[in-house]
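Structure record follows, encoded as structure tokens.
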Amino acid sequence: MSDVEEQLSINNQNSYHSTTSSFTEKDFPALGVSTTKKKRPANKRVKSYSSGLSVSPADGSAKSNGVGRNWQQEFEAQKEITENLKTDLKNLNDKYAEQNEELEKYQRKNELLGEELTKKEDAISKVSTQEDEKNDLLNTIKDLKSKLTKAQDDLKDKDKKMRSVNSLLEGQQADTRAKEDEIVRLTASESKLKSDLKKHHDADNAKKQLEAKVHELEASNSKLQKQVVDVKHQLEVANKNSHKDLEALRTENSKVKGDLISTREELKQSHGNVVTLRKNLDGNDNLMKKKQKQYEDAVKERDAALKKVETLNADANQLKSRITSLESELDESKKLSVTKFFNKNNEALNVGLVTALALHARKN
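Numbering (the UniProt record's numbering), first residue to last: 1 to 364.
Quick look at the structure:
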């Protein structure tokens, strides 16, 4: 019976030490489990990992609660923390499995001890004949039962601790999932920020190109406006010169027209003289020579008049060529008015020429 009691004591001590010494800070650094008297909260280090991350969409940078790290460094730190948590979680699961196996061993040992105690009690009730020995055995049995109860209580405490660890593990898994979701969100935010930054650069390049085109158009417009002003000035000068030349032509044309009228009167007078001479020649032979001389003078005057008409016609042709050169500098309406003016004067010249030729034909 002393062997059984000693075995139960050893089992209880092993169970207690295995429970208190299994969860060490070395095994689970991320959870903060420690066997020292000064224990820190199990989630202290986990909370330190979940620092706030603020992303600024303006420049694509990120700051962690005022600390001078950008969001990409925070992202790498969160990723490393997540990997550490996954490693700690695996270690915790392995340790939890080992503790379960140890608990099952202790339970099997206690069950075997219980069966052995039951056999001992049966043997005592059957073979014990002495009251003192029976009482000793009963006391021993009570002690064994007390130790068994304590061992069962220790098992319950271990189970309770394991449930607490399991709860902490579930919370850690939820926190890990939250961190993974945050990593996914940060990755999506990074992609969106890169896309927005590219669009911003593209928009800046397009704006610069448009501004360059606007500057080119403004320079071209200024140049065209200057050319328009120069052309307007040239047209105004040409218009003034054309008006002056037109006035001179009108004056000269009026003079030519007056000369034509004088020549026409002279031709009429010469024709009258020729007719008179013919009548005198028919009526008076004595005055033939005198009339002949007058006739010859009239013919000379007619030739002079014809020569003068030819000179006037040459002057008219010169005026016509000069008017043609001026027409190239005037607009269509001015061209039309000048052409009409010239046609009227040309008709007058033609009438003079026809009259002179008719007189000449009549004399002949």
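Every residue gets a Cβ at the ideal spot worked out from N, C-alpha and C, and that includes glycine. Treat the numbers as computed from the prediction; the structure is a model and nothing was measured.
Query	Result
Stretch-stretch touch, CB-based, cutoff 8 Å, three pairs: the stretch 298-306 with the stretch 259-268	yes
Closest by C-alpha distance to Gln152, when choosing among Leu103, Leu168, Val256	Leu103
Under 8 Å between C-beta atoms of Leu312 and Asp259	yes
Cα-Cα separation, Asp159 to Lys198	57 Å
Proximity of Glu180 and Thr87 at Cβ, strictly below 8 Å	no
Nearest candidate by alpha-carbon position, reference Val275, set Leu85, Glu211, Val299	Val299
Option nearest Gln294 by Cα separation, candidates His271, Ala314, Ala97, Glu310	His271
Option nearest Asn273 by Cα separation, candidates Asp297, Gln234, Arg250, Thr251	Asp297
DSSP three-state assignment for Asn317, whether helix, strand or coil	helix
Backbone secondary structure at Ser70 - three-state DSSP	First, the residue type needs correcting, since residue 70 is Asn and not Ser in the sequence shown. Here Asn70 sits in coil by DSSP.
Nearest residue (CA-CA) to Ile261, options Lys308, Lys244, Lys226	Lys308
Rounded straight-line distance, which links the Cα of Ala77 to that of Ser48	Low confidence applies to Ser48: its pLDDT is 38, below 50, so where it sits in the model is not reliable enough to give any reading.
Residue burial classification, Leu112 (beta-carbon count within 10 angstroms, cutoff 16)	exposed
CB-CB length for Ile183 against Lys79, believed under 8 Å	6 Å
Pick from Glu98, Leu193, Lys257, Ser222 that is closest to Met162, judged by C-alpha positions	Glu98
Nonlocal neighbours in the same chain, by C-beta distance under 7 Å from Ile141, ignoring five residues either side	Leu117, Glu121
Short Cβ contact (8 Å threshold) for Leu169 with Leu85	no
Phe75 and Leu186 closer than 8 Å at C-beta	yes
Best match in Asp202, Ala206, Asp154 for proximity to Asn110 [C-alpha to C-alpha]	Asp154
Supposed contact pair Gly114 and Leu148 - C-beta distance, whole angstroms, cut 8 Å	7 Å
Nearest to Trp71 (by Cα), restricted to the options Ser321, His200, Ser191, Glu218	Ser191
Where Leu144 falls, given that 16 or more other Cβ within 10 Å makes a residue buried	buried
C-alpha distance - Asp132 paired with Tyr106, whole-angstrom precision	33 Å
Backbone CA spacing between Lys257 and Arg250 [nearest angstrom]	10 Å
DSSP-derived helix/strand/coil call for Leu113	helix
Alpha-carbon spacing of Glu218 relative to Ala188, whole angstroms	44 Å
Buried versus exposed, by CB contacts within 10 Å (16 or more), Val165	buried
Lys44 burial status per 10 Å Cβ neighbour count (16 or more: buried)	Confidence at Lys44 is low in this model, with a pLDDT of 40, below 50, so the placement of that residue should be treated as unreliable; the coordinate-derived value is given next. Exposed, since its Cβ has fewer than 16 Cβ neighbours within 10 Å.
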